[in-house]
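> The listed protein sequences correspond, in order, to chains A and B.
Counting the first sequence from 1 gives a position; our numbering is that position plus 133.
Counting the second sequence from 1 gives a position; our numbering is that position plus 133.
Where is the CB? At the ideal position from N, CA and C, for every residue including glycine.
Being a predicted model, the structure only gives us computed values, none of them experimental.
Quick one: this structure, given as structure tokens, is what I'll be asking you about.
2 protein chains.
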Amino acid sequence: MNSNEKQVPAIVVKRLPRYYRYLSELLKTDIKRISSGALSRKMNVTASQIRQDFNYFGGFGQQGYGYNVEYLHKAIGEILGLDRGNKTIIVGAGNLGRALANHDAFERRGFIITALFDIDSSVVGTRVNGKPVFHMEELDDYLSRERTDIAILTVPRAKTQEIADRLIRSGVRGFLNFSYTELKTDGMVAVENVHLSDALMTLSYKVKRMDS
Amino acid sequence: MNSNEKQVPAIVVKRLPRYYRYLSELLKTDIKRISSGALSRKMNVTASQIRQDFNYFGGFGQQGYGYNVEYLHKAIGEILGLDRGNKTIIVGAGNLGRALANHDAFERRGFIITALFDIDSSVVGTRVNGKPVFHMEELDDYLSRERTDIAILTVPRAKTQEIADRLIRSGVRGFLNFSYTELKTDGMVAVENVHLSDALMTLSYKVKRMDS
Chain A
134 MNSNEKQVPA IVVKRLPRYY RYLSELLKTD IKRISSGALS RKMNVTASQI
184 RQDFNYFGGF GQQGYGYNVE YLHKAIGEIL GLDRGNKTII VGAGNLGRAL
234 ANHDAFERRG FIITALFDID SSVVGTRVNG KPVFHMEELD DYLSRERTDI
284 AILTVPRAKT QEIADRLIRS GVRGFLNFSY TELKTDGMVA VENVHLSDAL
334 MTLSYKVKRM DS
Chain B
134 MNSNEKQVPA IVVKRLPRYY RYLSELLKTD IKRISSGALS RKMNVTASQI
184 RQDFNYFGGF GQQGYGYNVE YLHKAIGEIL GLDRGNKTII VGAGNLGRAL
234 ANHDAFERRG FIITALFDID SSVVGTRVNG KPVFHMEELD DYLSRERTDI
284 AILTVPRAKT QEIADRLIRS GVRGFLNFSY TELKTDGMVA VENVHLSDAL
334 MTLSYKVKRM DS
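Now the structure itself:
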């Protein structure tokens, strides 16, 4: 790791997936190079902000000629760790867990959903989008056999901490947490919370401001 | 609208749902008052940040005795527009749309899912969590009859803009957009994007940094 990368502000990190997504779109076109100005108009970020963002990672090449789309896409993908093929399990195969197993964007970004886990006998033993659903009792055994980088948690809030602890003991290092609870961890794992109703509340705030 | 509210920074707005959620939890306990210090420890925000945040909205009362939990919960709920009972439709009744219709947290926060819409004959005419699924052809007629504040969009990316335009023409003012596309609007509507794979990519970045 480049030691400079440690100090990348969270707000810059948050923009990387957007850059990556947009560059993925560009790759499908004939556009081989893009200026920070053109990128700026598409991304709703100033050109100088884009240059500043990229400078955290060495700048990605000559600005006069614009950025090489393929190179930039690959470089940002590597920074995001997408080139590693993150092995991912979904714990909780309810409606949301099953929807996420069907969410094609995940595999497109290099996240390989390997299995789902649940306690509900009506889903255990079935397949969702081709992925097996195992009983929670099989979880520890599975993790001892199969490398697992990331766990997506869509379990009831009261169970989330206990299950996360179990996963951490088995070496899982990344958690995408859909439960409305703040996970307590030892700081040696990474957690991203997705609070769907927070997005809806923020939207409600904005709508209310528009109405007044 | 208090004219001061216009200048509330986005980062403060983003914290309001978290305050609201935590206060909802507190309401279930015997705790009637809470200091900014205690709130701070729970929220991972400094006490002075909390006081600054609240000052955008008039401060919410005397700090020496702490905040009145019930009053603060109600006040933040009103700022977020949750007291209005936001009528919400889900456009796209695929896996994700159906999972969201089953997401109880939405109704707990005052979002009333009234209907889903799709073109798939295998779901049109069914009910999801008690809500009817209508055909997209019925959308305009439905909107002319039923007040609709918010639309949750879980439709294929290529269709998103066209459907959003149709909803905007019918007076929908708020969009929770799960499609990987930036909606073009006239600026008179509010949009919150939920890019699930962005959260996963950000997580991948963090895991990669931990490993190195």
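Under a Cβ-count criterion, where at least 16 other Cβ atoms within 10 Å of its own Cβ denotes burial, should residue 313 of chain B be classed as buried or exposed?
The residue labelled residue 313 of chain B in the question sits at position 180 within the second sequence. Residue 313 of chain B should be labelled buried.
> Once DSSP output is grouped into helix, strand and coil, what is the label at residue 137 of chain A?
One-based indexing of the first sequence puts residue 137 of chain A at position 4. Here residue 137 of chain A scores only 46 on pLDDT, less than 50, and its place in the model should not be relied on; the value that follows carries that caveat. Three-state result, residue 137 of chain A: helix.
> Is residue 216 of chain A helix, strand or coil by DSSP?
On the first sequence, residue 216 of chain A is found 83 positions in, with the first residue counted as 1. Here residue 216 of chain A sits in helix by DSSP.
> I need the straight-line Cα distance from residue 311 of chain B to residue 172 of chain B, nearest angstrom please.
Taking the first residue of the second sequence as 1, we reach residue 311 of chain B at position 178. Taking the first residue of the second sequence as 1, we reach residue 172 of chain B at position 39. Each residue's Cα considered, the two are about 32 Å apart.
> For the candidate residues B/229, B/179, B/288, whose alpha-carbon lies nearest to that of residue 226 of chain A?
By 1-based counting over the first sequence, the position of residue 226 of chain A is 93. Nearest C-alpha to residue 226 of chain A: B/229.
> Given residue 234 of chain A, which residues of its chain have a CB within under 8 Å of its CB, disregarding the five upstream and five downstream residues?
Position 101 of the first sequence, counting from 1, holds the residue named residue 234 of chain A. Cβ within range, chain order: 223, 226, 246, 249, 261, 262, 264.
> In terms of alpha-carbon separation, which member of B/295, B/305, B/294 lies closest to residue 282 of chain B?
Mapped onto the second sequence, residue 282 of chain B falls at position 149. For the residues B/295, B/305, B/294, the minimum Cα distance to residue 282 of chain B belongs to B/305.
> Taking Cβ positions only, does residue 155 of chain B come closer than 7 Å to chain A?
As a working mapping, residue 155 of chain B is identified with position 22 in the second sequence. Not closer than 7 Å to any Cβ of chain A, the Cβ of residue 155 of chain B fails to qualify, so no.
> Checking contacts by CB at 7 Å: is residue 338 of chain B closer than that to chain A?
Looking up residue 338 of chain B in the second sequence gives position 205. Yes - at least one Cβ of chain A is within 7 Å of the one on residue 338 of chain B.
> Please name the residue or residues paired with residue 166 of chain A in a DSSP beta bridge.
In the first sequence, counting from the first residue as 1, residue 166 of chain A sits at position 33. A/201.
> Alpha helix (DSSP H) containing residue 146 of chain A: first to last residue?
Locating residue 146 of chain A in the first sequence gives position 13, counting from the first residue. Residues 143-160.
> Report the neighbours of residue 321 of chain A on chain B: residues whose CB is nearer than 8 Å to its CB, in chain order.
Position 188 of the first sequence holds residue 321 of chain A. What residue 321 of chain A touches in chain B: 343.
> Could you tell me which whole alpha helix (DSSP H) segments of length 4 or greater appear in the stretch 258-327 of chain A?
Runs of the alpha helix (DSSP H) inside the stretch 258-327 of chain A: 272-278, 290-302.
> Considering Cα atoms alone, identify which of B/181, B/240, B/287, B/322 is closest to residue 301 of chain B.
In the second sequence, counting from the first residue as 1, residue 301 of chain B sits at position 168. Measuring from the Cα of residue 301 of chain B, the nearest candidate turns out to be B/322.
> Check each candidate in A/307, A/200, A/165, A/342 and name the one with the smallest Cα separation from residue 113 of chain A.
This structure does not reach residue 113 of chain A, given that chain A is present from 134 up to 345, and the question cannot be answered.
> For residue 248 of chain B, does the three-state DSSP call read helix, strand or coil?
Here the question's residue 248 of chain B lines up with position 115 in the second sequence. Three-state result, residue 248 of chain B: strand.
> Please list, in chain order, all residues of the same chain as residue 149 of chain B whose beta carbon is under 7 Å from its beta carbon, the five residues on each side excluded.
Mapped onto the second sequence, residue 149 of chain B falls at position 16. Hits under 7 Å: 209, 212, 213.
> Less than 7 Å between C-beta atoms, sequence neighbours within five positions excluded: which residues of the same chain meet that for residue 258 of chain A?
If you number the first sequence from 1, residue 258 of chain A lands on position 125. So the qualifying residues of the chain are 266.
> Looking at residue 205 of chain A and residue 242 of chain A, is the spacing between their C-beta atoms short of 7 Å?
By 1-based counting over the first sequence, the position of residue 242 of chain A is 109. By 1-based counting over the first sequence, the position of residue 205 of chain A is 72. Cβ atoms of residue 242 of chain A and residue 205 of chain A: not closer than 7 Å.
> How is the alpha helix (DSSP H) around residue 180 of chain B delimited, first residue to last?
Here residue 180 of chain B corresponds to residue number 47 of the second sequence, with the count starting at 1. Looking at the DSSP string, the run of the alpha helix (DSSP H) that includes residue 180 of chain B is 180-188.
> Hey, would you say residue 200 of chain B sits closer than 7 Å to residue 167 of chain B, going by beta carbons?
In the second sequence, residue 200 of chain B corresponds to position 67, counting from 1. In the second sequence, residue 167 of chain B corresponds to position 34, counting from 1. Yes, the Cβ-Cβ distance between residue 200 of chain B and residue 167 of chain B is below 7 Å.
> Might you give, ordered along the chain, the residues of its own chain that have their beta carbon closer than 7 Å to the beta carbon of residue 218 of chain A, omitting 5 neighbours on each side?
Residue numbering aside, residue 218 of chain A sits at position 85 when the first sequence is read from its first letter. Answer for residue 218 of chain A: 243, 245, listed in chain order.
> Note down, in chain order, every chain A residue with its Cβ under 8 Å from the Cβ of residue 283 of chain B.
Counting from one through the second sequence, the residue named residue 283 of chain B turns up at place 150. Near residue 283 of chain B (Cβ distances below 8 Å), the residues of chain A are 333, 336, 337, 340.
> Are the Cβ atoms of residue 325 of chain B and residue 309 of chain B separated by less than 7 Å?
Translated into the one-based positions of the second sequence, residue 325 of chain B becomes position 192. Translated into the one-based positions of the second sequence, residue 309 of chain B becomes position 176. In contact: residue 325 of chain B and residue 309 of chain B (Cβ atoms closer than 7 Å).
> For a cutoff of 7 Å on Cβ pairs, would you count residue 306 of chain B as touching chain A?
Numbered from 1 along the second sequence, position 173 holds the residue referred to as residue 306 of chain B. Closer than 7 Å: yes.
> Just tell me which of A/237, A/236, A/156, A/178 has its CA closest to the CA of residue 207 of chain A.
Taking the first residue of the first sequence as position 1, residue 207 of chain A is located at position 74. Of the candidates A/237, A/236, A/156, A/178, the one whose C-alpha sits nearest the C-alpha of residue 207 of chain A is A/156.
> Can you pull the chain B residues whose beta carbon is under 8 Å from the beta carbon of residue 276 of chain A, in chain order?
For the purposes of this step, residue 276 of chain A is taken as the residue at position 143 of the first sequence. Neighbours of residue 276 of chain A on chain B: none; closest Cβ ~16 Å, over 8 Å.
> With a threshold of 6 Å on Cβ separation, who are the neighbours of residue 152 of chain B within its own chain once the five nearest residues in sequence on each side are excluded?
Looking up residue 152 of chain B in the second sequence gives position 19. Once the five neighbours on either side are set aside, the close Cβ partners of residue 152 of chain B are 209.
> Check distances from the C-beta atoms of the stretch 196-219 of chain A to those of chain B and list, in chain order, the residues that come in under 8 Å.
So the list reads 212, 213, 214, 215, 217, 219, given in the order they occur along the chain.
> Consider the Cβ of residue 238 of chain A: report whether some Cβ of chain B lies at a distance smaller than 7 Å.
Taking the first residue of the first sequence as position 1, residue 238 of chain A is located at position 105. By this cut-off, residue 238 of chain A is an interface position.
> Indicate the three-state DSSP secondary structure (helix, strand or coil) for residue 224 of chain B in the structure shown.
As a first step, residue 224 of chain B is located in the second sequence; it is residue number 91 there, counting from the start. Reduced to three states, the DSSP call for residue 224 of chain B is strand.
> If we define contact as Cβ-Cβ less than 7 Å, is residue 184 of chain A a contact residue for chain B?
As a first step, residue 184 of chain A must be located in the first sequence, where it is residue number 51. No, no contact with chain B.
> Give the residues of chain B in contact with residue 313 of chain A, contact being defined as C-beta atoms less than 8 Å apart.
Taking the first residue of the first sequence as 1, we reach residue 313 of chain A at position 180. The answer, in chain order, is 154, 238.
> Using a Cβ-Cβ cut-off of 7 Å, state whether residue 181 of chain A counts as contacting chain B.
Here residue 181 of chain A is taken as the residue at index 48 of the first sequence, counted from 1. Not one chain B Cβ lies under 7 Å of residue 181 of chain A.
> With DSSP run on the structure shown, which of helix, strand or coil describes residue 241 of chain B?
Counted from its first residue, the second sequence places residue 241 of chain B at position 108. Looking at residue 241 of chain B - three-state DSSP - the assignment turns out to be helix.
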